[in-house]
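*Asks:* Pasting a structure here, questions to come.
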Amino acid sequence: MDRLYLAGFYTLKFFIFLLPSSLRDLLAKFLAFAFMKLKKKRFHIVMTNLNLAFGESKTKEEKLEIAKKCYYNFAKYLGINFILNQNTTKQKVLEKVSFKNEHNLLEALKLDRPIIVTTAHFGQWELFSLAMAARFGAVSVLGRKLDSKSMDKILSANRSQFDVELIDKDGGAKDILKALKARRIVGILVDQNTAPKDGIKVKFFDKDVLHTPAASVLAQKTNALIINAFIYQKDENISEICFSPAIDINKFNKEEAVQKVTQMQCSACEEMVRARPEEYFWFHQRFKRFYENEYKC
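Each residue of the sequence shown is one higher than the one before, counting from 1 in the UniProt record's numbering.
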């Protein structure tokens, strides 16, 4: 299976670098169409998520249009652009990204407190970590290693030149604390469903969902500031990273702090998704814990 992943990666890489940009766009549309038609179970998940999120506020046609754009963005961002960003440079990365409200992060950095940046599977999130490291310095990202060791090695090589460290979310607590102590910016994707023991109940699109309290708990333990930030397309060639004001969990009642600050993270994600639904990664079963029957085909 590892060889199959590698073969697919290098085949796609060959065509991407061979084709002009106009034909790359056609390739992205083809890949999106093929994935949508061939992976029917995944398409059902996407449409279920859209139905749960938007209900009657959007028509079936509008939801289908969002789904199509989501598939296209998935093919473009995590297929074509991901490959184009291999072996890139800090200068080239920064030419592709602008920063909005970066004073929120810069002011937090001046306080010499640990910084946790929470984000979602939104826009070009793989570019997000590279741009953060290129602009602000060392970054540690909490995530999961790829199933393919060879592909994980390729991804790690690109991250390492930017001083982006991947901390495996399974058993990575000590490494996260070490990174925060070293004043590395720690990034956490917080928008997926969790196991009951790993999440707390919050509201997302007026629905109950489970949300990881990891950022909130870490902030409470380490005196870290939390900044919600997201990357999205500003125009055809430029992504923009937008930073919200820092959240100081110490300013909340200790008994309610984790719940309230975690809800703030979820609400920030919802606000971004409502504004740009086509850029969200709708492939996860986000509402599964409380709406499991809806996902059944």
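For every residue, glycine included, the Cβ atom is placed at its ideal position computed from N, Cα and C.
#1: Quick check: the region 225 to 235 against the region 102 to 109, are there 3 or more CB pairs under 8 Å?
#2: How should GLY55 be labelled, buried or exposed, when 16 other C-beta atoms within 10 angstroms of its C-beta is the threshold for buried?
#3: Hey, how far is the Cα of ALA75 from the Cα of ARG113?
#4: Under a three-way DSSP split, which group does VAL190 fall into?
#5: Could you pull out every unbroken alpha helix (DSSP H) segment of at least 4 residues lying fully inside the region 222 to 271, listed in chain order?
#6: Please confirm whether ALA120 and LEU50 have their CB atoms less than 8 Å apart.
#7: Ends of the beta strand (DSSP E) at LYS201?
#8: Which whole runs of the beta strand (DSSP E) in the region 119 to 155 are 3 residues long or more, in chain order?
#9: Tell me whether GLN86 is buried or exposed, calling it buried when 16 or more other Cβ atoms sit within 10 Å of its Cβ.
#10: How far does the alpha helix (DSSP H) with PHE30 in it extend, from its first residue to its last?
#11: Among GLU255, PHE14, LEU26, THR48, which one has its Cα closest to the Cα of VAL217?
#12: Return the CA-CA distance between ALA229 and ARG3, expressed in angstroms with no decimal places.
#13: Once you ignore the five residues that flank ILE45 on each side, which residues in its own chain have a CB closer than 7 Å to its CB?
*Replies:* Taking the geometry as given:
#1: yes
#2: exposed
#3: 38 Å
#4: coil
#5: none
#6: no
#7: 200 to 204
#8: Qualifying beta strand (DSSP E) stretches, in chain order: 139 to 143.
#9: exposed
#10: 21 to 38
#11: GLU255
#12: 36 Å
#13: The beta carbon of ILE45 is closer than 7 Å to those of PHE283, GLN285, TYR295 in its chain, skipping five residues each way along the sequence.
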